[in-house]
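Enquirer: Below is a structure I'd like to ask you about.
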Amino acid sequence: MSRIDGRKFDELREIEAKVGILKNANGSAYFRLGDSIAIAGVFGPRTVHPKHMEKAECAILRTEYRMSPFSTVTRTRPGPGRREREISLVTREALSSVLFLEEFPKTAIDVHIEVLQASASTRCVGINAASLALADAGIPMRDLIASCSAGIVNREIVLDIAGKEDTEGEVDLPIAYYPRQKKVTLLQMDGIATKTEIKEIIKLAIKGALKIYEVQKEALRKKYEEVR
Amino acid sequence: MEENKEIKRKLVIPGDFLGTGRPGHGTFLEEGKVYAKVIGLADEKNGTHFVIPLSGVYDPKRGDGVIGRIEDIVFSKWIVDINSPYIATLPLNEAVEEFIDFTKTDLTKYFDYGDLIFAEITSVTKTKMVQLSMKSSRCRKLRGGRIVKVTPAKVPRIIGKNGSMVEMIKELTGTQIVVGQNGVVWIKGEKEYLATEAIMLIEQKSHISGLTDQIKQMLEKSVKNKETVKKSIGDDYE
Chain A
11 MSRIDGRKFD ELREIEAKVG ILKNANGSAY FRLGDSIAIA GVFGPRTVHP KHMEKAECAI
71 LRTEYRMSPF STVTRTRPGP GRREREISLV TREALSSVLF LEEFPKTAID VHIEVLQASA
131 STRCVGINAA SLALADAGIP MRDLIASCSA GIVNREIVLD IAGKEDTEGE VDLPIAYYPR
191 QKKVTLLQMD GIATKTEIKE IIKLAIKGAL KIYEVQKEAL RKKYEEVR
Chain B
179 MEENKEIKRK LVIPGDFLGT GRPGHGTFLE EGKVYAKVIG LADEKNGTHF VIPLSGVYDP
239 KRGDGVIGRI EDIVFSKWIV DINSPYIATL PLNEAVEEFI DFTKTDLTKY FDYGDLIFAE
299 ITSVTKTKMV QLSMKSSRCR KLRGGRIVKV TPAKVPRIIG KNGSMVEMIK ELTGTQIVVG
359 QNGVVWIKGE KEYLATEAIM LIEQKSHISG LTDQIKQMLE KSVKNKETVK KSIGDDYE
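First to last, the protein sequences are chains A and B. Using our numbering, the first residue of the first sequence is number 11, and each one after it goes up by one. Using our numbering, the first residue of the second sequence is number 179, and each one after it goes up by one.
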C-alpha cells in the first residue's frame, strides 16, 4: 500500500533549496518541498520603526508569513488574516531560539516569507527558507532550524503531509527542529491521536527534519563556494 | 577547485564545529566546544578560533575610519549616517579646531545636511552609541565624486595587502578613492565609472586568489579601449 502521490510512508517530497535569490534583501532563500514553494527575504539588523518597539538590550525579530493570492486552487485573500498572523508568530518563536539577538541592541531583523505555491506544510517550507535567509544575511546563529511535518493518513503514520493528505488525513503535525541541541522549537497539531501515536509521529518528523537540515547546509555552502 | 591550495581557511556555516579551545570573533562556546555562529572563513590563532564573516551589516568598532553622511544637526552635534543599524554623532569639539559659540553660529557652515565626511570612530558604547572624530589627519570632508556601497566584510579585499589593490586602481584610473571600513567607497575623478566597475568586480569575485592581477588586466584593457574609442571619434570629427 502506498500513499496518494505514490510515496513511501517515510519518504519526503523532492527538496530544492537556493540561497541568495533576492538582490535587495540582506539575505534570501528559496525552498521547495514537492509542490510547496516559499521564498524568504531578511532585512537588517536595521533601525526600528516605530521607535517604541525598540528594545535597549537586544534586537527584535519580526516575521511576516504571507500566502500569494495565486498560491492555492481558489484565490487566497491577500493581506494578513487570522491564520497568517498565527503562523508569523509561531515562525518567530521557532527561529528566535537560535539567534544571538543580544548582539544587535536597538535594531530590528525583519523576515518576510512569501508562499508562492501551497500544497500543505507551507509553514515548514517557510521556516526552512527563513532559516537559510537569516544565515545568508550574516546574522549570528547557533544552528540552522529545519522544519518538517508528519501525521496520520488512512490510519498510517506518514512523513511530509502533502496536497490532499492535508485535507483528507486524520492528523497533521508540523515541527521545527534545532538539530544540534535536539530540541523542538515548534510543535502544532491538527486532529486526534493517541499518546503513543503522537510520539511516533514526532519521531518520524524529526527524521524528516534532519534530512532537510542536510539539504539546507549543502545549499548554504553552495552559494559561498561558488563565489570562490 | 584549484584555488583551495592557496586558501587555508575553511568555509563554515552557523553551527559548524570548529574544535576545542577559546571562542573568538564569530564563534560561540557550548559545552566546551567552539562552534561558528556566522557564515564565513574559519581560522585559528594560538588556540582561539574565529570566523571572518562573509556577509552582514556593518558593526561599528573603535578606531575604524568610516564614510558617513550628515543627517541632522542637534544642538552642538552632527548626526551621521554610517551605513550601519546605528547612527553616529560628531560633537562640535571633535569636528572643528577653533572655539565656536553654537548658539550664535550656523553649524551648516562647517558641515551641511547631505555632506559626506571621512571620520574616525572614537568610541562605541555597549548600547551602541557611536562617537566620531575629525581630529585625525586622514579625516576630511569629501566633496563631489560618487559613492559605491559594498558588503563591509569585503572591505579588506578592496584595500588589498598594504593597500595594493586600491593603490593599483587609483593609479590606473587616475581617480581619488577613499575606502571606509563601513563598506562605503568614495570615488572621484574623470574615470570614476572604471574604478566603480573595478570595485563592483572585486565585490563579486572577492574570494578568487590573484584577484589583483585580474583587476589590473581588466583595467588596463578598458583604459586602452576607451582611449582608442576616443581616438576614433576624434578622427571622425576632425
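From the three backbone atoms N, C-alpha and C, an ideal C-beta is built for every residue, glycine too. Fair warning: this is a prediction, and the values are worked out from it, not measured in the lab.
(1) With a threshold of 7 Å between beta carbons, is B/S233 in contact with chain A?
(2) Could you check if A/K233 is buried or exposed, using at least 16 other CB atoms within 10 Å of its CB as the buried criterion?
(3) Compute the Euclidean distance between the alpha carbons of B/N360 and A/I149, then round it to the nearest angstrom.
(4) Against chain A, with Cβ distances strictly below 7 Å, would B/I336 count as a contact?
(5) Taking the alpha carbon of B/W364 as the reference point, which residue from B/I380, B/E398, B/F296, B/S342 has its own alpha carbon closest?
(6) Taking Cβ positions only, does A/T132 come closer than 7 Å to chain B?
(7) According to the neighbour-count rule (16 or more other Cβ atoms, all chains shown, within 10 Å of its Cβ), is B/Q395 buried or exposed?
(8) How would you call B/F228, buried or exposed, if buried means at least 16 neighbouring beta carbons within 10 angstroms?
(9) Grab me the residues of A/A186's own chain with a C-beta within less than 6 Å of its C-beta, minus the 5 sequence neighbours each way, in chain order.
(10) What do you get for A/K33, buried or exposed, if any count of 16 or more other CB atoms within 10 angstroms of its CB means buried?
(11) Applying a beta-carbon distance threshold of less than 9 Å, which residues of chain B neighbour A/N164?
(12) Kindly say whether A/P60, judged by its beta-carbon, lies nearer than 7 Å to any beta-carbon of chain B.
(13) In chain A, what lies closer than 7 Å to B/I191 by C-beta?
(14) List the endpoints of the continuous alpha helix (DSSP H) containing B/T331.
(15) Evaluate B/I336 with the Cβ neighbour count: other Cβ atoms within 10 Å of its Cβ, from every protein chain shown; 16 or more gives buried, anything less gives exposed.
(16) To the nearest angstrom, report how far apart B/K255 and B/F289 are at their CA atoms.
(17) Out of curiosity, what's the CA-to-CA distance linking A/A147 and B/K369?
(18) Quick one: what's got a C-beta closer than 6 Å to B/K348's C-beta in the same chain, skipping five residues either side?
(19) Where A/D20 and B/G338 are concerned, what is the direct C-alpha to C-alpha distance, given to the nearest angstrom?
(20) Can you give me the C-alpha to C-alpha distance between A/I208 and A/G37, rounded to a whole angstrom?
(21) Contact between the stretch 109-116 of chain A and the stretch 208-220 of chain A is defined here as three or more beta-carbon pairs at a separation below 8 Å; is this criterion met?
(22) Grouping DSSP H, G and I as helix and E and B as strand, with all else coil, what is B/A220?
(23) Going by C-alpha distance, which of B/I380, B/N224, B/A266, B/D391 is nearest B/T198?
(24) For B/V216, go through chain A and note every residue whose CB falls closer than 7 Å to its CB, in chain order.
(25) Scan the stretch 49-85 of chain A and note each continuous beta strand (DSSP E) run of 3 residues or more that stays entirely inside, going in chain order.
(26) Does B/T283 come out as helix, strand or coil in the three-state DSSP assignment?
(27) Would you say B/K183 reaches chain A, if we count a Cβ-Cβ gap shorter than 7 Å as a contact?
(28) Given a cut-off of 7 Å, decide if A/G218 and A/H122 are closer than it, judged by their beta-carbon atoms.
(29) Got a sec? Which residues, its chain only, sit under 8 Å from B/C317 by beta carbon, not counting five neighbours each side?
(30) Indicate the three-state DSSP secondary structure (helix, strand or coil) for B/M396 in the structure shown.
(31) Between the Cα of A/S129 and those of A/K221, A/T177, A/V100, spot the shortest distance and give me the residue it belongs to.
(32) Of all the options B/S314, B/K304, B/D391, which has the alpha carbon lying nearest to the alpha carbon of B/E275?
(33) Can a CB atom of chain B be found closer than 7 Å to the CB of A/Y234?
(34) Below 9 Å on C-beta distance, what does B/F228 contact in chain A?
Expert: This is what the structure holds:
(1) yes
(2) buried
(3) 17 Å
(4) no
(5) B/F296
(6) no
(7) exposed
(8) buried
(9) A104, I137, I155, S157, T195, L196
(10) exposed
(11) Simply none; closest approach about 37 Å.
(12) no
(13) A145, K227, L230, R231
(14) According to the sequence shown, residue 331 of chain B is Ala rather than Thr. Note, B/A331: premise wrong, no alpha helix (DSSP H); not H, not E.
(15) buried
(16) 10 Å
(17) 33 Å
(18) I355
(19) 52 Å
(20) 36 Å
(21) no
(22) strand
(23) B/N224
(24) G148, P150
(25) 70-77
(26) coil
(27) Residue confidence is low: B/K183 scores 40 on pLDDT, short of 50, so the model does not pin down where it sits. No coordinate-derived value is stated.
(28) no
(29) G243, I295, F296, A297, E298, S311
(30) helix
(31) A/T177
(32) B/S314
(33) yes
(34) Within chain A, no residue comes near B/F228; the closest Cβ sits about 13 Å away, beyond 9 Å.
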